[in-house]
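A.B. asks:
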Amino acid sequence: MPAPATLTIDLNALAANFHTLEAAGRAPVHPVVKADSYGLGAAACAARLTAEGARTFFVARTSEGERLRAALGPDVAIYVLDGCLTGRAARLRAAGLKPVLNTGAQLAEWRDSGGGPSGLQIDTGMNRLGFRVEDAPDAFEGLDLVLSHLACADDPAEPMNARQRAAFAAAAARYPGTVRSFANSGGAFLGPDYAFDALRPGICLYGGGPEGRPDARIRPVATLAAEVLQVREVPAGESVGYSRGFVASGPTRIATCAAGYADGVLRAYSPRGLVFVAGELRPILGRVSMDVCAVDVTGLDVVVGDRVELFGPNRALDDAAGAAGTIAYELLTSVTARVPRVCV
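If you're matching positions, the sequence shown starts at 311 in our numbering and goes up one per residue.
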């Protein structure tokens, strides 16, 4: 029997998205599998992506890289976007991880500890991580990758995209023979000028659209579903949930479902969330509780044990995120550890 709430990961859809991105950008895909593959499970996702041809991965933290190395073995490259933090060089080297160096202090830490293969991040305008263009170091021994990150790739009309691309092209020219990586998920669809030598996508691999809305080119990968625990009739005038968040204007049939904010069903869904049940999209009623949420199933043949889909093939991830006033990235990474991941 399935758990009360499950997150099902369609590995075939993941593979299809990998190849869609590869074709769109006309460059090798180096998947971003940080935050446990955005909550879907990095070991399983990266293993399938390796089978599809991926040979280089990106994580955010040293600990993520260590776990990924243990899962995948020695035959892939793993870059750590945090870089070489103080005292981390030995761990990075022991696991065969490549730090993406972001500051002069990180570069010195890595060099002074013995150096080795590493990447370099150039900040071309996002002002998040990396050397400013004018402060970027000369080429150094072990450097095999230079990257930057697009700030507005989800908006193809944003002029900043072209400015960043030009800045990156000029900066990367200082490192001949080094792999250049610039395009993220959205960047893969901006055109071949943005691809350089390697794409670095994340959200589109996992089912989110490149522009923050559903995109027919990207297949849904994750399905969050929950079991119906109880069905009841609510008379007109009675309320549902905490703080009387919903008051029935007429007789209403509700299904109490086994997923709440402790599972990743954001409280912000109250009162805008929709779920797919019995062939229809139906609203979440009242406040989302820690362990359950209530769904309007008036007129539907829904019984205890049926399952509702909070996002997946029938409730697009980007639409579900938008209903909560957030983005697909946050929705996926909010699904908690008590929800089993089931790969199919």
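Ideal Cβ positions, reconstructed from N, Cα and C, are used throughout, including at glycine. Small disclaimer: the values here were computed from a predicted structure and weren't measured.
Less than 7 Å separating the beta-carbons of Gly555 and Arg597?
C.D. replies: yes
A.B. asks: Residues in its own chain within less than 8 Å of Val544 by CB, not counting five upstream and five downstream?
C.D. replies: Val550, Ala558, Pro561, Thr562, Arg563, Ile564
A.B. asks: Among Asp629, Asn412, Ala588, whose alpha-carbon lies nearest the alpha-carbon of Val613?
C.D. replies: Ala588
A.B. asks: Look up Arg563 in the DSSP assignment and give the residues it is bridged to.
C.D. replies: Secondary-structure assignment with DSSP links Arg563 through a beta bridge to Glu543.
A.B. asks: Identify the residues that DSSP records as bridge partners of Cys653: which are they?
C.D. replies: DSSP lists Ile319 as the bridge partner or partners of Cys653.
A.B. asks: Compare the Cα-Cα distances from Ala313 to each of Leu534, Phe492, Tyr552 and report the closest residue.
C.D. replies: Per the Cα distances, Leu534.
A.B. asks: Have a look at Ser423 and Val443 and give me their C-alpha separation to the nearest angstrom.
C.D. replies: 25 Å
A.B. asks: Based on Cα-Cα distance, which residue from Thr396, Glu419, Asn327, Pro427 lies nearest to Cys355?
C.D. replies: Asn327
A.B. asks: Which of the three DSSP states is assigned to Glu376 in this structure?
C.D. replies: helix
A.B. asks: Less than 8 Å between the CB atoms is what I'm expecting for Asp507 and Val489, so what's the real figure, rounded?
C.D. replies: Between Val489 and Asp507 the Cβ distance is about 5 Å, and since that is below 8 Å, they are a contact.
A.B. asks: Whose C-beta lies closer than 6 Å to the C-beta of Thr282 among residues of the same chain, with five residues either side of it excluded?
C.D. replies: Nothing can be reported for residue 282: it is not among the residues displayed for the chain, which extend from 311 to 654.
A.B. asks: Check whether the Cβ atoms of Thr434 and Phe478 lie closer than 7 Å to each other.
C.D. replies: yes
A.B. asks: Taking only the alpha-carbon atoms, compute the straight-line gap between Leu595 and Arg510 and give it to the nearest angstrom.
C.D. replies: So the alpha carbons of these two residues sit roughly 39 Å apart.
A.B. asks: At which residues does the alpha helix (DSSP H) containing Leu627 begin and terminate?
C.D. replies: 627-633
A.B. asks: Write down the C-beta distance between Cys567 and Cys603 rounded to the nearest angstrom, noting that I regard them as a contact closer than 8 Å.
C.D. replies: 5 Å
A.B. asks: Please classify Glu537: is it buried, with 16 or more other beta-carbons within 10 angstroms of its beta-carbon, or exposed?
C.D. replies: buried
A.B. asks: Going by C-alpha to C-alpha distance, which of Ser599, Val618, Met600, Tyr348 sits closest to Arg592?
C.D. replies: Here the closest residue by C-alpha is Val618.
A.B. asks: Please report the distance separating the alpha-carbon of Tyr571 from that of Asp601.
C.D. replies: 7 Å
A.B. asks: Quick check: the Cα distance between Ser599 and Val649, rounded to an integer number of angstroms?
C.D. replies: Each residue's CA atom was taken as its position, placing Ser599 and Val649 some 16 Å apart.
A.B. asks: Return the chain-ordered list of same chain residues with a C-beta closer than 8 Å to the C-beta of Ala446, the five sequence neighbours on each side being excluded.
C.D. replies: Leu430, Ile432, Ala481, Arg484
A.B. asks: List the residues that DSSP assigns as beta-bridge partners of Val605.
C.D. replies: Ala565, Ile594
A.B. asks: Could you tell me which uninterrupted beta strand (DSSP E) segments, each at least 3 residues in length, are contained entirely in the segment 441-481, listed from first to last along the chain?
C.D. replies: 453-457
A.B. asks: Phe621 by DSSP, collapsed to three states: which one?
C.D. replies: strand
A.B. asks: Which same chain residues, not among the five before or five after Ala381, have their C-beta less than 8 Å away from its C-beta?
C.D. replies: Ala352, Ala353, Ala356, Ala357
A.B. asks: Please look up how many angstroms separate the CB atoms of Ala315 and Ala569, rounded, as I've assumed it's under 8 Å.
C.D. replies: 4 Å
A.B. asks: If you draw a straight line from the C-alpha of Val369 to the C-alpha of Leu455, how long is it?
C.D. replies: 15 Å
A.B. asks: Enumerate in chain order the residues of its own chain whose CB-to-CB distance from Leu321 is below 6 Å, with the five nearest sequence positions on each side excluded.
C.D. replies: Hits under 6 Å: Arg358, Cys653.
A.B. asks: Pull up the distance between the alpha-carbon of Gly440 and that of Leu411, whole angstroms please.
C.D. replies: Taking the straight line joining both Cα atoms gives about 7 Å.
A.B. asks: Might you give, ordered along the chain, the residues of its own chain that have their beta carbon closer than 7 Å to the beta carbon of Met436, omitting 5 neighbours on each side?
C.D. replies: His459, Ala461
A.B. asks: When you compare only the Cα positions, how much space is there between Thr372 and Thr643?
C.D. replies: Approximately 19 Å between the Cα atoms of the pair.
A.B. asks: May I ask which residues mark the beginning and end of the alpha helix (DSSP H) holding Asp346?
C.D. replies: 344-348
A.B. asks: Can you round the beta-carbon distance between Leu576 and Arg625 to whole angstroms, since I take them to be within the 8 Å contact cut?
C.D. replies: Actually they do not touch by this definition, with Cβ atoms about 14 Å apart.
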